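S.K.: Residue numbering for the sequence shown follows the numbering used here, starting at 4 and increasing by one per position.
For each residue, glycine too, the CB sits at the ideal point set by N, CA and C.
As the structure is a prediction and not an experimental result, all values here were calculated from the model.
Shown below is the structure under consideration.
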Amino acid sequence: MSGEDAFGEPREDLWKTTDGGTIKAHRHIRIDWNASIKKTIAIGPSAPEALPPIYDRPAAEDEAATAASCVLKTKASPINATVHIAHESHSQSSSSAGQPVLVSAKTGGVGLISLGIPDYSDSRPLHIVAKSSSGNITILLPTSFSGNLTWSSERGSLKLSHAVQQRFRLDGPRHKHIGTAKIAPSTASGNRADSCTLTSHNGTITVKEYGEESDAKACTIQ
4 MSGEDAFGEP REDLWKTTDG GTIKAHRHIR IDWNASIKKT IAIGPSAPEA
54 LPPIYDRPAA EDEAATAASC VLKTKASPIN ATVHIAHESH SQSSSSAGQP
104 VLVSAKTGGV GLISLGIPDY SDSRPLHIVA KSSSGNITIL LPTSFSGNLT
154 WSSERGSLKL SHAVQQRFRL DGPRHKHIGT AKIAPSTASG NRADSCTLTS
204 HNGTITVKEY GEESDAKACT IQ
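If you want it as structure tokens, here you go:
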């Protein structure tokens, strides 16, 4: 985070990027386009609402059911997004107690999805959803992710990077092209009950740890 308000308090709605700039965080962001989406976005439960919306109006159900959300959707075009989640201020943490933070990306056709979450340190559950009709999906989890991974790919496969393999424990019997596993955190985060649900009809689903070397050896589960 970066910046201070008029009273010298830290600004929770500004996120410092790796190039020294800042992006303004909003509580709820929704982008529903026909064209491809390539964005770096910041959200957070303590961030202000975007009034008027900076992209598309967030769905009422997302605003009601989540503390913060980033929802990305295209008809059949690729989605490539990095989503920063700003740390929640303690003074505002009780306003939506228990509600998760949602990061969702969905596309039809053979649209590809690449979705990265660099870091997450709050106590709320983090819910990640990615769905492509037939395209490949790549998810870069924060090191603090702690919860369930659920995947489904009728004709594709699940690939795990080396770092995620160390955190992965299959939950129940192995079934072809579908399964559930527990992902343990590689940094202390407690039992936060996070969830990551990944679905593609034909595509390969790849799960990595954010910041992991790209040439790290991958393991195919199915």
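Ends of the beta strand (DSSP E) at residue 122?
M.R.: By 1-based counting over the sequence shown, the position of residue 122 is 119. First-last for residue 122: undefined, no H or E at that position.
S.K.: Residue range of the beta strand (DSSP E) that residue 90 falls in?
M.R.: Position 87 of the sequence shown, counting from 1, holds the residue named residue 90. No beta strand (DSSP E) contains residue 90, which DSSP labels as neither H nor E.
S.K.: Can you check which of these residues, 51, 143, 39, is closest to residue 112 by C-alpha distance?
M.R.: Within the sequence shown, residue 112 is the residue found at index 109, counting from 1. Minimum Cα distance to residue 112 is reached at 39.
S.K.: Suppose you measure from the CA of residue 169 to the CA of residue 75; what does that come to, to the nearest Å?
M.R.: Locating residue 169 in the sequence shown gives position 166, where the first residue counts as 1. Locating residue 75 in the sequence shown gives position 72, where the first residue counts as 1. Rounded to whole angstroms, residue 169 to residue 75 spans 30 Å at the Cα level.
S.K.: Which runs of the beta strand (DSSP E) fall wholly inside the stretch 149-194 and span at least 3 residues, in chain order?
M.R.: Complete beta strand (DSSP E) runs here, min 3: 150-156, 161-163, 171-173, 181-186.
S.K.: Would you give the residue range spanned by the beta strand (DSSP E) that residue 212 belongs to?
M.R.: Taking the first residue of the sequence shown as 1, we reach residue 212 at position 209. First-last of the beta strand (DSSP E) with residue 212: 208-212.
S.K.: Label residue 178 either buried or exposed according to how many other C-beta atoms from any shown protein chain fall within 10 Å of its C-beta, with 16 as the threshold for buried.
M.R.: Locating residue 178 in the sequence shown gives position 175, where the first residue counts as 1. Looking at its Cβ environment, which holds fewer than 16 other Cβ atoms inside 10 Å, residue 178 is exposed.
S.K.: Using the three-state DSSP reduction, which class does residue 79 fall into: helix, strand or coil?
M.R.: Looking up residue 79 in the sequence shown gives position 76. Looking at residue 79 - three-state DSSP - the assignment turns out to be coil, as it is neither helix nor strand.
S.K.: State the DSSP-derived secondary structure class of residue 71, mapped to helix, strand or coil.
M.R.: As a position in the sequence shown, residue 71 is number 68, starting the count at 1. Three-state result, residue 71: strand.
S.K.: With the cut-off set at 8 Å, would you say residue 211 and residue 167 are in Cβ contact?
M.R.: By 1-based counting over the sequence shown, the position of residue 211 is 208. By 1-based counting over the sequence shown, the position of residue 167 is 164. The answer is yes: Cβ separation under 8 Å.
S.K.: Evaluate residue 206 with the Cβ neighbour count: other Cβ atoms within 10 Å of its Cβ, from every protein chain shown; 16 or more gives buried, anything less gives exposed.
M.R.: The sequence position of residue 206 within the sequence shown is 203, counting from 1. It is buried - the Cβ of residue 206 has at least 16 other Cβ atoms within 10 Å.
S.K.: From 32, 155, 180, pick the residue whose C-alpha is nearest to that of residue 64; which is it?
M.R.: In the sequence shown, residue 64 corresponds to position 61, counting from 1. It is 32.
S.K.: What separation, rounded to the nearest whole angstrom, lies between the Cα atoms of residue 165 and residue 44?
M.R.: Locating residue 165 in the sequence shown gives position 162, counting from the first residue. Locating residue 44 in the sequence shown gives position 41, counting from the first residue. Approximately 27 Å between the Cα atoms of the pair.
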